[in-house]
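Q:
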Amino acid sequence: MPKVSMTVNGKRVSADVEGRTLLVQFLREHQRLTGTHVGCDTSQCGACVVHVDGKAIKACTNLALSCEGANVTTIEGLANGTELHPMQAAFRTHHGLQCGFCTPGMIMAAIDMVNRLGYDLSEETIRHELEGNICRCTGYHNIVKAIQAGAAAMGGLKVAAE
Amino acid sequence: MAGTGIGARVMRKEDFRFITGKGNYTDDINRPGQAHAYFLRSPHAHAKIRKIDTAKAAAMPGVVAIFTGADIEADKVGGLICGWMIHSKDGTPMKAGAHPALAVGKVRYVGDHVAVVIAETLAEARDAAEAILVDYEPLKPVVDLASATKKGSPVIHDAAPDNQVYDWHLGDEAAVKAAFKKAKHVTKIDLVNNRLIPNAMEPRAAIGDYNSGEEAFTLYTTSQNPHVARLVLSAFIGIAPEHKLRVIAPDVGGGFGSKIFIYAEETICVWAAKKVGRPVKWVADRTEEFLAIAHGRDHLTHAEMAIDENGRILGLHVKTRANLGAYLSTFASSVPTYLYVPLLSGQYNIPAIYGEVEAVYTNTAPVDAYRGAGRPEATFVIERLMEVAARELGMDPAAFRKKNFIKSFPHQTPVIMCYDTGDYNASLAKAMEIHDVKGFARRKRESAKAGKLRGLGYSAYIEACGIAPSAAVGSLGAGVGLWESAEVRVNPVGTVEVLTGSHSHGQGHETTFAQLVAGRLGIPIENVAIVHGDTDKVQMGMGTYGSRSGAVGMSAIVKALDKVEAKAKKVASFVLEAAEADIDFKDGKFSVKGTDKSIDFASVALQAYVAHKFTGEQLEPGLKEGAFYDPTNFTFPSGVHIAEVEIDPDTGVTTIAKWTAVDDFGVIINPMIVEGQVHGGIAQGIGQALLEGAVYDANGQLLTASYMDYAMPRADDLPSFRVDHTTTPCLSNPLGIKGCGEAGAIAAPAAVMNAITDALGHENIAMPATPQAVWQAAQAGLARAAE
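Top line first, the protein sequences correspond to chains A and B. Okay, so the first sequence: first residue is 100 according to the numbering used here, each after it adds one. Okay, so the second sequence: first residue is 11 according to the numbering used here, each after it adds one.
1) Going along the chain, which residues of its own chain have a beta-carbon closer than 6 Å to the beta-carbon of A:A250, five neighbours each way excluded?
2) Just verifying my parser: in three-state terms, what is the DSSP assignment at B:S559?
3) Take B:P289 as the anchor and find which of B:I278, B:E299, B:T297 has the nearest alpha-carbon.
4) Which residues of the segment 205-217 of chain A have a Cβ closer than 9 Å to any Cβ of chain B? Give them in chain order.
5) Within 7 Å of any Cβ in chain B, is that where the Cβ of A:E167 sits?
6) Alpha carbon to alpha carbon, how far is A:M207 from B:K503? Give it in angstroms, no decimals.
7) Looking at C-alpha atoms only, which residue of B:T670, B:N373, B:A259 is the closest neighbour of B:Y706?
8) Look at B:I363 and B:P424 and say whether their C-beta atoms are less than 7 Å apart.
9) Below 8 Å CB to CB, which residues in the same chain sit around A:G176 once its five sequence neighbours on both sides are set aside?
10) Could you say which of B:F26, B:R452, B:V370 lies nearest to B:A460 if we only look at CA atoms?
11) Buried or exposed, going by whether 16 or more other CB atoms sit within 10 Å of the CB of B:K748?
12) Going by other Cβ atoms of all chains shown within 10 Å of its Cβ, with 16 needed for buried, is B:D5 buried or exposed?
13) Could you pull out every residue in the same chain whose Cβ sits closer than 8 Å to the Cβ of B:Q711, ignoring the five residues on either side in sequence?
14) In whole angstroms, give me the CA-to-CA distance for B:E654 and B:G465.
15) A:H240 touches chain B at which residues, Cβ-Cβ below 7 Å?
16) What residues from the segment 249-265 of chain B come within 9 Å of chain A, judged by C-beta to C-beta, listed N to C?
17) Determine whether the Cβ of B:R296 lies closer than 7 Å to any Cβ atom of chain A.
18) Does the beta-carbon of B:K99 have 16 or more other beta-carbons within 10 angstroms, so that it is buried, or is it exposed?
19) According to DSSP, is B:G636 helix, strand or coil?
20) Taking B:M722 as the query, report the chain A residues whose CB atoms sit under 7 Å from its CB, ordered along the chain.
21) Please return the same chain residues whose Cβ sits closer than 7 Å to the Cβ of B:R240, not counting the five positions on each side in sequence.
22) First and last residue of the alpha helix (DSSP H) that includes B:D768?
23) By how many angstroms is the C-alpha of A:P185 removed from the C-alpha of A:V258?
24) May I ask you to verify whether the segment 687-694 of chain B touches the segment 232-245 of chain A, counting CB pairs closer than 8 Å and requiring at least 3?
25) By how many angstroms is the C-alpha of B:G321 removed from the C-alpha of B:H195?
26) Is it buried or exposed, B:T228, if we count other Cβ atoms within 10 angstroms and call 16 or more buried?
27) So if DSSP puts B:R499 in a beta bridge, which residue, or which two residues, is it bridged to?
28) Answer yes or no: do B:V127 and B:A111 have a C-beta to C-beta separation smaller than 7 Å?
29) Using C-beta distances below 7 Å, list every residue in its chain close to B:K413, excluding the 5 sequence neighbours before and after it, in chain order.
30) Could you give the DSSP three-state label for B:F390: helix, strand or coil?
31) Spatial neighbours of B:K577 within its chain, please: CB distance less than 7 Å, with the 5 preceding and 5 following residues excluded, ordered by chain position.
32) B:D38: buried (16+ other C-beta within 10 angstroms of its C-beta) or exposed?
33) If I measure Cβ to Cβ from B:R214 and keep anything under 6 Å in the same chain, skipping five residues before and after, which residues do I get?
34) Determine the direct distance from the alpha carbon of B:V733 to that of B:W669, and round the result to whole angstroms.
35) Expressed to the nearest angstrom, what Euclidean distance is found between the alpha-carbon atoms of B:R41 and B:I207?
36) Could you check the C-alpha separation between B:S163 and B:S52 for me, to the nearest Å?
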């Protein structure tokens with residue numbers, strides 16, 4: 100079996116994997132990072148979204164081997180202890196989750212949205228950009244509000260840091 | 011305490027683990043030494059199994075065992091059951107075909123379970139399943155609902171030679187006939203309630219584990235009601251007696267009804283764990299979910315309403331054919347009967363109602379409860395009828411509704427239900443004001459200028475929640491009682507654990523239940539933990555569905571809290587050296603009337619356990635009380651939703667331009683959570699109206715078996731919703747709660763279709779109103795207008 104190495108949430112990890120091992124399997128089964136979920140097998144639902152080298156990708160349709168040497172961030176890598184990432188905090192404040200299953204993918208997709216499009220996101224932009232993430236519980240109403248607030252909070256932090 | 015008690019928008023206690031990736035869903039659990047199960051499923055809708063050859067597959071790498079229906083039979087594993095008996099008009103019991111967990115002799119739908127492969131890894135199990143040789147003799151399938159019982163149709167179950175499960179009725183046929191004779195106007199409609207696939211985001215999963223030393227099983231499963239699962243697996247399927255079977259439903263990623271039922275897969279996992287001497291894990295992929303989870307709705311209905319010369323409803327006659335799929339799922343029989351016809355009175359005073367329901371088998375996945383279960387189907391019938399009738403009579407649809415609203419309570423309908431309370435005018439008036447219905451004509455003109463068709467539709471729904479008084483449902487055929495249990499355990503330091511038979515799979519019980527307890531006992535909400543979903547911790551419970559957790563589950567907690575308070579007062583009376591009758595309890599403090607002597611709740615808890623201030627003869631030590639609560643009536647949430655749509659006749663695209671919901675849920679524990687429930691329900695209802703529909707081809711192949719083929723509502727299909735409330739507290743439970751879980755899904759389909767037909771100017775369109783269907787309907791309407 101080939102060996103694969105990458106950095107996950109700041110930690111160097113490696114494992115021997117079957118060639119067909121998906122990134123999501125590598126994260127869930129080899130690294131025991133079960134926050135990244137599998138909701139479908141056709142790249143549609145987005146429950147498996149993680150960041151690879153700073154970009155959101157669907158971990159259910161990427162081979163672990165294709166991430167050799169990459170820098171991977173999962174939902175477990177966002178908070179600093181009990182100090183939440185502003186996007187995580189916004190999902191909680193705005194009740195942007197119910198069963199919680201789609202939530203890690205939503206949060207990872209939302210942060211990527213901010214990274215690409217900035218801190219001032221319109222409702223229309225957010226709804227359009229959520230094309231690749233399905234939620235069955237919330238009707239998206241509060242997810243949209245959470246992302247808008249989370250984006251603004253990320254902007255506020257950036258301003259404060261400058 | 012004001013900040014966290016009943017009515018406060020408390021942020022959810024459970025969220026931290028979900029937003030940090032620390033949830034504990036069934037697929038996140040792994041047992042030492044576990045093997046993986048993969049189910050070989052039928053590729054045919056209907057076929058005889060001549061032979062299954064597993065020899066080659068069994069020799070493949072990593073294979074631990076392969077089981078088929080023959081092994082199930084040899085071990086005398088009982089079949090899956092349907093727990094609600096329905097009798098036909100002629101008094102005969104429903105015709106329930108056998109439902110083995112692995113097919114015996116015959117497969118009856120695409121996705122039916124033929125064999126299970128257990129292997130070291132899932133990939134190896136999958137590979138081996140492909141090597142199993144099954145010799146099928148394909149039979150003609152029954153797919154079309156309308157013609158399923160036609161003479162000469164293939165027979166799906168020998169027990170039901172004409173494919174009819176039952177032919178049931180409710181109501182007074184003679185009274186309805188008489189009402190139609192007197193009618194000045196009769197409105198008739200034919201409706202399709204499209205078949206839906208629930209699609210909770212977490213696919214179903216199960217791990218069976220067997221401890222040979224204890225001869226005891228554990229099942230980890232994605233269940234909305236782990237105790238019912240244990241009961242069925244024990245008493246009917248015969249896996250193990252209840253004290254040797256523990257069922258754990260940890261974090262569950264949505265249910266919407268589909269995780270109520272006891273399925274083949276978890277049955278096989280727990281049974282096979284003993285056979286192979288290792289834990290057995292199964293996780294559905296999304297296509298398996300589409301193929302084999304219980305689907306929802308799927309009705310064909312003809313309905314007629316009799317109306318007098320003053321625009322008052324005289325009677326209602328509804329005839330429905332319901333598709334129950336290839337086997338009777340756990341509660342399938344109750345959905346198109348007692349959860350449907352008793353709701354047909356809606357919010358209206360209808361003196362005579364007669365409902366007839368013929369349920370049939372087809373070679374499709376089993377159909378059972380999906381969010382609302384029967385009640386959305388009823389609301390769709392009555393609310394489409396109201397709108398069409400108003401249009402035919404030339405009346406304003408709101409005025410027609412108002413004229414027929416029930417105005418005094420209690421109100422006994424002609425179909426079982428007795429509504430305790432409500433104010434239907436209040437929700438209609440508030441919804442119309444918030445929605446600015448007055449401004450609709452102007453908005454319609456503006457749309458017309460842009461070449462768009464604009465329409466407005468109402469849905470004044472009712473539902474029966476707080477399921478349900480045990481004796482009442484028992485008399486209607488239910489195999490179980492529908493009470494709920496609670497146990498309140500006060501620890502010596504004054505923290506509290508509440509064990510509940512309700513199960514949260516997104517509803518936020520860890521927060522709302524804690525709000526009740528913290529408010530009542532006057533302790534910080536952080537000091538309250540809610541325990542659920544484990545049959546070894548919670549003794550017995552009936553689970554969560556039918557918006558019963560607030561009305562029934564929390565009522566049980568109230569009963570247990572009453573007992574805790576009574577006991578704590580006794581303890582306080584010894585500590586404070588006062589008569590028990592002189593002890594007051596308020597804001598977390600026990601005090602002696604007319605004095606400044608008091609003691610806080612935590613100190614009383616400690617005194618209850620150290621037991622130094624009273625003797626064993628005077629008082630039992632400890633502070634722990636349990637209660638069972640059996641409701642005395644259903645609860646009747648109601649409300650008005652107004653949908654406003656804009657249609658582009660050139661593309662057929664329907665945009666939800668505006669949505670207003672005004673619901674009466676009685677007393678609300680946490681408005682933030684309730685609004686979230688409403689949003690999600692509306693989204694599912696809009697999904698049914700505009701996007702979703704399970705499609706089988708003539709051979710019984712499911713064409714919509716992935717997210718690329720089944721249109722789930724996505725963020726840009728939906729608007730933001732305006733959600734508000736009116737309140738008439740429920741009279742039949744101690745908290746005045748009615749329930750909110752299904753409201754949106756019940757109200758929305760009729761509101762959307764009433765708006766679309768208003769925009770189109772004719773009624774000739776069915777759900778889902780996809781762009782293609784709307785385009786065709788719009789073009790037909792335009793052509794008619796041009797003639």
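Ideal Cβ placement from N, Cα and C applies to all residues, glycine included.
A: This is what the structure gives:
1) Indexing the first sequence from 1 puts residue 250 of chain A at position 151. Excluding positions up to five away in sequence, the list reads V213, Y218, L220.
2) In the second sequence, residue 559 of chain B corresponds to position 549, counting from 1. If DSSP states are grouped into helix, strand and coil, B:S559 belongs with the helices.
3) The residue labelled residue 289 of chain B in the question sits at position 279 within the second sequence. Checking every option, the nearest Cα to that of B:P289 belongs to B:I278.
4) Within the segment 205-217 of chain A, the residues whose Cβ lies closer than 9 Å to some Cβ of chain B are I206, listed in chain order.
5) Taking the first sequence and counting its residues from 1, the one referred to as residue 167 of chain A is at position 68. A:E167 does not count as touching chain B.
6) Along the second sequence, one-based indexing puts residue 503 of chain B at 493. Along the first sequence, one-based indexing puts residue 207 of chain A at 108. Residue 503 of chain B is actually Val in this sequence, not Lys. Taking the straight line from one Cα to the other gives about 40 Å.
7) Here residue 706 of chain B refers to the residue found at position 696 when the second sequence is read from its first residue. Comparing Cα positions, the closest option is B:N373.
8) Counting from 1 along the second sequence, the entry for residue 363 of chain B is found at position 353. Counting from 1 along the second sequence, the entry for residue 424 of chain B is found at position 414. Cβ distance < 7 Å, so B:I363 and B:P424 count as in contact.
9) Taking the first residue of the first sequence as 1, we reach residue 176 of chain A at position 77. Hits under 8 Å: V107, N108, G109.
10) Position 450 of the second sequence, counting from 1, holds the residue named residue 460 of chain B. With distances taken between Cα atoms, B:A460 lies closest to B:R452.
11) In the second sequence, residue 748 of chain B corresponds to position 738, counting from 1. Answer is buried; the Cβ neighbour count reaches 16.
12) Chain B is shown only over 11 to 797; residue 5 of chain B falls outside these bounds and no answer can be derived.
13) Along the second sequence, read from residue 1 onward, the residue named residue 711 of chain B stands at position 701. Here the set comprises A55, V120.
14) Along the second sequence, one-based indexing puts residue 654 of chain B at 644. Along the second sequence, one-based indexing puts residue 465 of chain B at 455. The straight-line gap from Cα to Cα measures roughly 6 Å.
15) In the first sequence, counting from the first residue as 1, residue 240 of chain A sits at position 141. The contacting residues are H689, S730, F731.
16) D261, V262, G263, G264, G265
17) Taking the first residue of the second sequence as 1, we reach residue 296 of chain B at position 286. Output row for B:R296: interface = yes.
18) Along the second sequence, read from residue 1 onward, the residue named residue 99 of chain B stands at position 89. By the 10 Å Cβ count, B:K99 comes out exposed.
19) Here residue 636 of chain B corresponds to residue number 626 of the second sequence, with the count starting at 1. It is a strand residue.
20) Within the second sequence, the letter at position 712 stands for residue 722 of chain B. The answer, in chain order, is I233.
21) For the purposes of this step, residue 240 of chain B is identified with residue 230 of the second sequence, where counting begins at 1. The answer, listed in chain order, is E252, L255, V257, T545.
22) Taking the first residue of the second sequence as position 1, residue 768 of chain B is located at position 758. Segment 753-770, the alpha helix (DSSP H) holding B:D768.
23) Along the first sequence, read from residue 1 onward, the residue named residue 258 of chain A stands at position 159. Along the first sequence, read from residue 1 onward, the residue named residue 185 of chain A stands at position 86. If you take the alpha carbons of A:V258 and A:P185, they lie about 14 Å apart.
24) yes
25) As a working mapping, residue 195 of chain B is identified with position 185 in the second sequence. As a working mapping, residue 321 of chain B is identified with position 311 in the second sequence. Distance between the alpha carbons of B:H195 and B:G321 is about 9 Å.
26) Residue mapping note: residue 228 of chain B aligns to position 218 of the second sequence, counting from 1. Buried, because 16 or more other Cβ atoms sit within 10 Å of the Cβ of B:T228.
27) Within the second sequence, residue 499 of chain B is the residue found at index 489, counting from 1. BP columns for B:R499 point to B:E507, B:K634.
28) Position 117 of the second sequence, counted from the first residue, corresponds to residue 127 of chain B. Position 101 of the second sequence, counted from the first residue, corresponds to residue 111 of chain B. Not a contact, by the Cβ cut-off of 7 Å.
29) Within the second sequence, the letter at position 403 stands for residue 413 of chain B. Here the set comprises G321, R322.
30) In the second sequence, the residue the question calls residue 390 of chain B occupies position 380. If DSSP states are grouped into helix, strand and coil, B:F390 belongs with the helices.
31) Taking the first residue of the second sequence as position 1, residue 577 of chain B is located at position 567. Contacts found: L633, E635.
32) If you number the second sequence from 1, residue 38 of chain B lands on position 28. The residue is buried, with at least 16 neighbouring Cβ atoms inside 10 Å.
33) Within the second sequence, the letter at position 204 stands for residue 214 of chain B. Counting only Cβ-Cβ distances below 6 Å, and skipping sequence neighbours, we find T232, A294.
34) Within the second sequence, residue 669 of chain B is the residue found at index 659, counting from 1. Within the second sequence, residue 733 of chain B is the residue found at index 723, counting from 1. Their backbone Cα atoms lie some 8 Å apart in a straight line.
35) Here residue 41 of chain B is taken as the residue at index 31 of the second sequence, counted from 1. Here residue 207 of chain B is taken as the residue at index 197 of the second sequence, counted from 1. Distance between the alpha carbons of B:R41 and B:I207 is about 31 Å.
36) Counted from its first residue, the second sequence places residue 163 of chain B at position 153. Counted from its first residue, the second sequence places residue 52 of chain B at position 42. Each residue's Cα considered, the two are about 21 Å apart.
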